[in-house]
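A.B. asks:
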Amino acid sequence: MNRLPRQLTPLLVIFVVAIGSLFVARHLLVPRTFGEYGHYRAAAVGEIAGQEFTYAGSLACADCHSDVYDLKQNSFHAGVACEVCHGPAKRHVDAPDEFVPEKPKGRGFCPLCHGYNPSRPSGFPQILPDVHNAGKACMTCHEPHNPTLPHPPEECSACHREIASKKMVSRHTNVACTVCHTVPPEHYQNPRLALAKKPLSKAVCGQCHASDASSSREIPRVDMTAHGGRYQCWDCHYPHYPEAIQ
Amino acid sequence: MKKLGTDMPRREFLENCSRALPPWLLVFSVVGSAESLVADEEGQYDASKHNYAMGVDIHRCIGCGRCADACKKENKVPLEPTFFRTWVERYIIPTSGEARVDSPNGGIDGFPEPQEDIDVLRTFFVPKLCNHCANPPCVQVCPVGATFESRDGVVLVDDSYCVGCRYCIQACPYGARYLHPEKKVADKCTFCYHRITKGLAPACVEVCPTQARIFGESGQQSSPLRHFLRFNDVSVLKPWLNTSPKVYYANADGEVR
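Chains as they are written, first to last, in our numbering: chain A, 499 to 744; chain B, -9 to 247.
Here it is in structure tokens:
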């Protein structure tokens, strides 16, 4: 019987040990599910699919807030999901009392979509945030769940379109024309025979702007006796466009 | 030669056939299909039955950046402006010269006024994300098999197996990958894999206020994506690279790349 040459025996041992340790290392290092579907760890798919999500989807909102949801679905904002403005709400769905989604306030949020930008598709409603009702929160005039454009008093703007569009973007936008102007009923039928009256004294402005007036606190106040002397308010301030104050 | 159909009328032949069919065969076929329906309804997710893709309508994008914002919140992407899974680019094409592309903070904070020294011919927004190529270069170059294409057509990264070598970031022709600064692994859009496998839309699709993004399955007739592909002239980014992207752009200008 031919014996193996002596020098081959240790070589054979080395080979067996090397190949054996390769198999052991492979067994230890390669993840269990590697190669089940392809050159990757099959269990990773389940791990990625099992991650927590934070956006609940607008259908989850409709379950409890059906009134707001229905209002929104019938408005221009029908395609805008609740979480676009209110942020991720999965935590709110899980624990409605512990976590309340955010509400965008002020003027910062809406211009992200509606601020003028030449790159936006034409026809998308856009405004110039600096001149459009400067300083006022968007929600003063617009209901975001039903953002139909607020109308200036139709009966005046029908004829006084230029003034109405000026006033529409001024801080006096919500002040009805008749607060300052006395309008006889005949003016609507025969405007040139019965003219509407312009204010005659500072007292009209004082209704809201006098230091002792009972108007909202955010309205700027002046001392009506000391400010402006013998001049009328509208000699310096154009009331339809009050942000033009120097 | 024997003439066929002379001794047995067609109607009689069909009746004989239906009698010869064992009735239990019919019962089994109905029960079988019912079983597979139940399995589906119980949430048995079968990856091999899906093939996801996304459509982007450039004419609808208003560049509000809500998609990029929602993606960061949904997928815990670091808030620094250099890390994005999806982002919005603004293209400004002047009457002469090169197109300018910018994307300040991915569009999340809005876009500043464009410079006034140029005559603008066209300008528009293009949302970008991982194209989930059917022939993905990033998967080819991954030395350990940490980035892979799952059976439902989504390119994913195995966090616990990635060694952070950045080959895939180099290989991606769309710049859709980044190295996660905390986890030190490659990270990218997963089509919100954790959402779509549960029947929810990806976060960016959920929050898009103008429906500029359409998500669906390219193999399913009822999917909104099929409608999108049917009624739009779509293109993909860098088709000459033969990566076969699964993000389809409608109304894309020739300048979009």
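Glycine included, every Cβ here is placed at the ideal spot set by N, Cα and C.
1. Return the first residue and the last residue of the beta strand (DSSP E) that A/R524 is part of.
2. Taking all protein chains shown into account, decide if B/P235 is buried (16 or more other Cβ within 10 angstroms of its Cβ) or exposed.
3. For A/F622 versus B/I83, is the C-beta spacing smaller than 8 Å?
4. Distance, Cα to Cα, A/V582 vs B/R56?
5. Buried or exposed: where does A/P718 fall if 16 or more other Cβ atoms within 10 Å of its Cβ makes it buried?
6. Taking only runs of the alpha helix (DSSP H) that begin and end inside the segment 563 to 614 of chain A, which ones reach a length of at least 4 residues, in chain order?
7. DSSP three-state call for B/E79: helix, strand or coil?
8. Against chain A, does B/A29 count as a neighbour if the rule is that its beta carbon must be under 8 Å from one of theirs?
9. Count the other CB atoms within 10 Å of the CB of A/Q690; is the residue buried (16 or more) or exposed (fewer)?
10. Thinking C-beta only, is B/C158 closer than 8 Å to B/A176?
11. Which one or two residues does DSSP pair with B/V110 in a beta bridge?
12. Any beta carbon of chain A sitting closer than 8 Å to that of B/F274?
13. Could one say the Cβ of A/Q571 lies closer than 8 Å to chain E's Cβ atoms, at least one of them?
14. When the cut-off is 8 Å and only beta carbons count, does B/A248 lie next to chain A?
15. Which residues in chain B sit within 7 Å of A/G536, going by Cβ to Cβ distance?
16. Quick check: the Cα distance between B/C155 and B/L219, rounded to an integer number of angstroms?
17. Can you check which of these residues, B/H217, B/T187 and B/P163, is closest to B/Q130 by C-alpha distance?
18. On the premise that B/Y238 lies in contact with B/D142, defined as a C-beta separation below 8 Å, what is that separation, rounded to the nearest angstrom?
19. Report all residues from its chain with a CB closer than 6 Å to the CB of B/F73; omit the five preceding and five following residues, and keep chain order.
20. According to DSSP, simplified to helix, strand and coil, what is A/K700?
21. Report back the beta-carbon spacing between A/G585 and A/A635 to the nearest angstrom; my notes put them in contact at under 8 Å.
22. Quick one: Cα of A/T531 to Cα of B/D36, how far?
23. Using a Cβ cut-off of 8 Å (strictly closer), state whether B/G135 contacts chain A.
24. Quick one: what's got a C-beta closer than 6 Å to B/K228's C-beta in the same chain, skipping five residues either side?
25. What did DSSP end up calling A/S796 once you bin it into helix, strand or coil?
26. Please classify B/P192: is it buried, with 16 or more other beta-carbons within 10 angstroms of its beta-carbon, or exposed?
27. Inspect the beta-carbon positions of B/R203 and B/V46 and report whether they are closer than 8 Å.
28. Here's the rule I'm using: 16 or more other beta-carbon atoms within 10 Å means buried, otherwise exposed. How should A/V522 be labelled?
29. Please state the DSSP three-state secondary structure of B/Y157.
30. Is there a Cβ of chain A sitting closer than 8 Å to that of B/Q201, yes or no?
31. I'd like the span of the alpha helix (DSSP H) that includes A/A544, first residue to last.
32. Residues in its own chain within less than 7 Å of B/C132 by CB, not counting five upstream and five downstream?
33. Of the residues that make up the segment 617 to 633 of chain A, which ones have a beta carbon closer than 7 Å to any beta carbon in chain B?
34. I want to know whether the segment 609 to 616 of chain A touches the segment 98 to 117 of chain B - three or more CB-CB distances under 8 Å.
35. Alpha carbons only, please: which of B/A89, B/V91, B/G96 and B/C179 is nearest the one belonging to B/V78?
36. On the premise that A/H537 lies in contact with A/P642, defined as a C-beta separation below 8 Å, what is that separation, rounded to the nearest angstrom?
C.D. replies: In brief:
1. Looking at the DSSP string, A/R524 is not in any beta strand (DSSP E); the run it does join, the alpha helix (DSSP H), is L506 to L527.
2. Buried, since its Cβ has 16 or more Cβ neighbours within 10 Å.
3. no
4. 7 Å
5. exposed
6. Correct list: 564 to 571, 580 to 584, 588 to 592 and 609 to 612.
7. strand
8. Any reading at B/A29 needs caution, since the residue's pLDDT is 38, under 50, leaving its predicted position unreliable; the model's value is listed next. It does not: the Cβ of B/A29 has no partner Cβ on chain A nearer than 8 Å.
9. The sequence shown places Arg at residue 690 of chain A, not Gln. It counts as exposed.
10. yes
11. B/P84
12. The structure shown does not extend to residue 274 of chain B, since chain B spans only -9 to 247, so no value can be given for it.
13. Of the chains in the structure shown, none is chain E; the protein chains are A and B.
14. As displayed, chain B neither begins before -9 nor continues past 247, which places residue 248 of chain B out of reach and without an answer.
15. F138
16. 37 Å
17. With respect to the C-alpha of B/Q130, the residue from B/H217, B/T187 and B/P163 having the closest C-alpha is B/P163.
18. About 17 Å; that fails the 8 Å criterion.
19. Here B/F73 has V67 and Y168 as same chain residues with Cβ atoms under 6 Å from its own Cβ, once five neighbours each way along the sequence are excluded.
20. coil
21. So it is not a contact: roughly 18 Å between Cβ atoms.
22. A/T531 and B/D36: Cα-Cα distance of roughly 17 Å.
23. So, interface residue.
24. P163
25. Any property of residue 796 of chain A remains undetermined from this structure, which presents chain A solely from 499 to 744.
26. buried
27. yes
28. exposed
29. helix
30. So, interface residue.
31. The residue asked about is misnamed: residue 544 of chain A is Gly in this sequence, not Ala. Element bounds for A/G544: A540 to A547.
32. Y157 and C158
33. S617, R618, P619 and F622
34. The answer is yes - the segment 98 to 117 of chain B touches the segment 609 to 616 of chain A, with three or more Cβ pairs under 8 Å.
35. B/G96
36. That pair is no contact at about 50 Å.
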